[in-house]
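Quick note on our numbering: the sequence shown kicks off at 44 and runs consecutively.
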Amino acid sequence: MIERQEVILDPACGSGVFLVEAYKRLILHWRSRNDWRKINVTVLKQLLEHIRGVDLEQGAIELAAFSLCLALCDALQPEENGLPIASFAPRARA
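Following this line, the structure appears as structure tokens:
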């Protein structure tokens, strides 16, 4: 598992393709270390804290953040899909 202080950084994140795949791998790694249990929203948010992206274009950052939110929603259980998306907004900077 990724250490608490470790971060996956994409210094030119664009639409977030690399970050989304890195996030999906973190989720897969967590599940493999936890008897393939379903992952809950708390863990998903904790894993998202290890993902960072930077880009010069604000539109690219917004697209990367949206892509990460979709990846998080994709990993949620059906009963958790009613949660407000704003509570998952990843940190991004231009």
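Yeah, the Cβ is synthetic: ideal placement off N, Cα and C, and Gly gets one too. The structure displayed is predicted, hence computed values, not measured ones.
Check: Inter-residue spacing [alpha-carbon to alpha-carbon] between Ile82 and Lys67; Outcome: 12 angstroms
Check: Extent of the continuous beta strand (DSSP E) run through Ile94; Outcome: 94-97
Check: Other residues of its chain near Cys56: CB distance less than 8 angstroms, five sequence neighbours each side excluded; Outcome: Leu62, Gly96, Val97, Asp98, Ala103, Ile104, Ala107, Ala135
Check: Where the alpha helix (DSSP H) containing Asp139 begins and where it ends; Outcome: Since the first and last residues shown for the chain are 44 and 137, residue 139 lies out of range.
Check: Span separating the alpha-carbon of Arg74 from that of Ala118; Outcome: 11 angstroms
Check: Inter-residue Cα distance where the pair is Ile94 and Asp78; Outcome: 24 angstroms
Check: Chain-order list of residues whose beta-carbon lies under 7 angstroms from that of Arg80 (same chain, five-residue window excluded); Outcome: Arg74
Check: Cα-Cα separation, Val60 to Arg76; Outcome: 25 angstroms
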